[in-house]
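Chains A and B supply the protein sequences, listed in that same order. Heads up: the first sequence begins at 1477 in the working numbering, then just goes up one per residue. Heads up: the second sequence begins at 37 in the working numbering, then just goes up one per residue. The structure appears right after this line, and notes come after that.
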Amino acid sequence: MGTPPSRGGAAAEPGNAGRVEELYRRHAAGVLARCRYLLRDDEAARDATQDVFARVLRSPGELASAGSPTGYLLRAATHQCLNVLRASRAAWRDEIRRMARDRREQGIEPESRELLRALLSAAPDEARELAVLYFVDEMTQAEIAAETGRSLPTVRKRLREFLAAARTALSEAMPDLVLPDPEALP
Amino acid sequence: MTASIGLGGPGVACSAMRVRRLDAGELSGEELLRTEAHVAGCERCQAMRRAIEAEREALHRHLPFGAFAAGVAGRLAGPAQAPGPWRRRWVPLALAAGLAAVVVTPLVRQSLSGRDDLLPGVRTKGAATVEVQVATPAGSRALAAGEPVPQGAAMRIVLAPGGRREAAVALVDRDGPALLYAGPAPSGVVPGAFEWTGEGDGELVVVLDDRPVDGAALLARLRDRGLAGAVPGRGAELVVVPLTRSAR
Chain A
1477 MGTPPSRGGA AAEPGNAGRV EELYRRHAAG VLARCRYLLR DDEAARDATQ
1527 DVFARVLRSP GELASAGSPT GYLLRAATHQ CLNVLRASRA AWRDEIRRMA
1577 RDRREQGIEP ESRELLRALL SAAPDEAREL AVLYFVDEMT QAEIAAETGR
1627 SLPTVRKRLR EFLAAARTAL SEAMPDLVLP DPEALP
Chain B
37 MTASIGLGGP GVACSAMRVR RLDAGELSGE ELLRTEAHVA GCERCQAMRR
87 AIEAEREALH RHLPFGAFAA GVAGRLAGPA QAPGPWRRRW VPLALAAGLA
137 AVVVTPLVRQ SLSGRDDLLP GVRTKGAATV EVQVATPAGS RALAAGEPVP
187 QGAAMRIVLA PGGRREAAVA LVDRDGPALL YAGPAPSGVV PGAFEWTGEG
237 DGELVVVLDD RPVDGAALLA RLRDRGLAGA VPGRGAELVV VPLTRSAR
């Protein structure tokens, strides 16, 4: 995703109101859901959603040239949220500790999507983004390679990195839980 | 003893993204036919479809179109990726809860009485009220009339729209106008806490109308004509709250 130009005033012109409404109708629900999932804060999610669409309207050519507008916007939302969360890894670690406590004291097994979100904190940036594409969007490794312009071996390597980092993080909080074997990922 | 836990991921033929693209009309040809046939008989993909429908309902509940369009327009009207004269800040949940719990007491509202020279044709029915709430390390409270905004305070707006259905809220200071909200007029806290950055005094401009208030157009009028351009038509109501800053 390229860097947006410095000003986007033209996109805010009244003539673009129909474009904004169409983007909202077709894509805002998925983008907001992604932001609410990753940020766990309704207000922050609303802001991140609006940031994503403002960015898209500043660079409309990027969306127009995307193979899948849905895929492009969800990636943009993921990217936006991971940037917001970059500074709060400590809070994510607290989330893993909370899950471990709930499991130990109340027998509540962590829900896989919640656990995934918490474990994202442990991974390097690029691996986190690809992990969302794989585990949340359920794209195959080949689809991820095509969507992100990376080679298939690179995608595999990043997913292995994610699982290795997640395994380390989990071994401290819930040592008896075993994550999937990276070599067995479809 | 160990237990394995999955984190999700694509199935043999299942993919959340493919269901999303199917719903968005982005598939064609063989991929469309194959995906339609699969989804029709797959409980996992049907569940994904239900989740997408739930997302649509959540969108209308959490981010109605008016608020969305206003937020996007406000961002587009300002410099890209750079802190503006006003910028939203993430407010910790504990702080937001504290703000929401404040009892609405003193109303910091200045109607346009006596300012008709500035705003010809503006009707003020006097029913709407606006309150500014601030949160500081000492706690959260309503800002008293004329009281300076504490440096670094998180702020929220509480609105009693006086029967008006739509509202827009802008902050105007020496750096220009910035849109805080546009959408259905809430009776209570206006969505979004913010911090007032920049320099100098300012004014909070609240436009209430029975028709949707175009946030981008409001900003343009405020830039071009100042407060005199704030009201979109004769049926609208305007509330202006002067803001000053506490000394650094």
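Here a beta-carbon is modelled for each residue, glycine too, at the ideal position from N, C-alpha and C.
Beta-carbon proximity check, residue i vs residue j, cutoff 8 Å
i: ALA1524 (chain A); j: ALA1553 (chain A); result: yes
i: GLY44 (chain B); j: ARG1516 (chain A); result: no
i: GLU239 (chain B); j: VAL208 (chain B); result: yes
i: MET1650 (chain A); j: PRO46 (chain B); result: no
i: LEU244 (chain B); j: GLY198 (chain B); result: yes
i: LEU1655 (chain A); j: ALA1642 (chain A); result: yes
i: ARG1580 (chain A); j: PRO1586 (chain A); result: no
i: GLY1506 (chain A); j: LEU1533 (chain A); result: no
i: ALA109 (chain B); j: LEU215 (chain B); result: yes
i: GLN1526 (chain A); j: ARG111 (chain B); result: yes
i: ARG259 (chain B); j: GLY212 (chain B); result: yes
i: LEU1591 (chain A); j: LEU1514 (chain A); result: no
i: SER1544 (chain A); j: ARG80 (chain B); result: no
i: CYS1557 (chain A); j: ARG1593 (chain A); result: no
i: VAL75 (chain B); j: VAL166 (chain B); result: no
i: VAL205 (chain B); j: VAL242 (chain B); result: yes
i: VAL1631 (chain A); j: GLN1617 (chain A); result: yes
i: ASP246 (chain B); j: ARG192 (chain B); result: no
i: PHE101 (chain B); j: TYR1610 (chain A); result: no
i: VAL48 (chain B); j: MET84 (chain B); result: no
i: SER282 (chain B); j: PRO186 (chain B); result: yes
i: ALA164 (chain B); j: GLU273 (chain B); result: yes
i: LEU255 (chain B); j: ALA60 (chain B); result: no
Buried versus exposed, by CB contacts within 10 Å (16 or more), residue i
i: THR1644 (chain A); result: exposed
i: GLY69 (chain B); result: Looking at the sequence itself, residue 69 (chain B) is Leu, so the reference to Gly does not match. Classification for LEU69 (chain B): exposed.
i: SER1647 (chain A); result: exposed
i: VAL267 (chain B); result: buried
i: THR1546 (chain A); result: buried
i: PRO1600 (chain A); result: exposed
i: HIS96 (chain B); result: exposed
i: VAL1528 (chain A); result: buried
i: ALA52 (chain B); result: buried
i: THR280 (chain B); result: exposed
i: GLY1484 (chain A); result: Confidence at GLY1484 (chain A) is low in this model, with a pLDDT of 33, below 50, so the placement of that residue should be treated as unreliable; the coordinate-derived value is given next. Under this definition GLY1484 (chain A) is a buried residue.
i: GLY182 (chain B); result: exposed
i: GLU72 (chain B); result: exposed
i: GLU1623 (chain A); result: buried
i: LEU1628 (chain A); result: exposed
i: LEU1653 (chain A); result: buried
i: PRO1662 (chain A); result: exposed
i: GLY251 (chain B); result: buried
i: ALA87 (chain B); result: exposed
i: PRO227 (chain B); result: buried
Per DSSP, the bridge partner or partners of residue i
i: ALA214 (chain B); result: B:LEU207
i: PRO278 (chain B); result: B:GLU239
i: PHE230 (chain B); result: B:MET191
i: GLY224 (chain B); result: B:LEU195
i: ASP246 (chain B); result: ASP246 (chain B) pairs with nothing; no bridge assigned.
i: GLY219 (chain B); result: B:ALA203
i: GLU273 (chain B); result: B:LEU244
i: VAL185 (chain B); result: B:ARG281
i: VAL166 (chain B); result: B:LEU195
Residue span of the beta strand (DSSP E) that contains residue i, given as start and end
i: LEU195 (chain B); result: 190 to 196
Span of the alpha helix (DSSP H) around residue i
i: ALA76 (chain B); result: 65 to 76
i: GLY1547 (chain A); result: 1545 to 1561
i: PRO1629 (chain A); result: 1628 to 1649
i: THR1525 (chain A); result: 1518 to 1534
i: PHE101 (chain B); result: 101 to 113
i: VAL1608 (chain A); result: Per DSSP, VAL1608 (chain A) belongs to no alpha helix (DSSP H) and is neither H nor E.
i: TYR1513 (chain A); result: 1505 to 1515
i: LEU1595 (chain A); result: 1588 to 1596
i: LEU255 (chain B); result: 251 to 261
i: THR1624 (chain A); result: 1617 to 1624
i: CYS50 (chain B); result: Neither: CYS50 (chain B) is in no alpha helix (DSSP H) and is coded neither H nor E.
i: ARG92 (chain B); result: 79 to 98
Three or more C-beta pairs closer than 8 Å, one from the stretch 1569 to 1583 of chain A and one from the stretch 1531 to 1548 of chain A: is that the case here? The stretch 1569 to 1583 of chain A is not in contact with the stretch 1531 to 1548 of chain A.
Using a Cβ distance threshold of 8 Å, determine whether the stretch 102 to 111 of chain B contacts the stretch 216 to 227 of chain B, with at least three qualifying pairs required. The answer is yes - the stretch 216 to 227 of chain B touches the stretch 102 to 111 of chain B, with three or more Cβ pairs under 8 Å.
For the stretch 1602 to 1612 of chain A against the stretch 1628 to 1636 of chain A, are there 3 or more C-beta pairs whose distance is under 8 Å? Contact holds: three or more Cβ-Cβ distances are below 8 Å.
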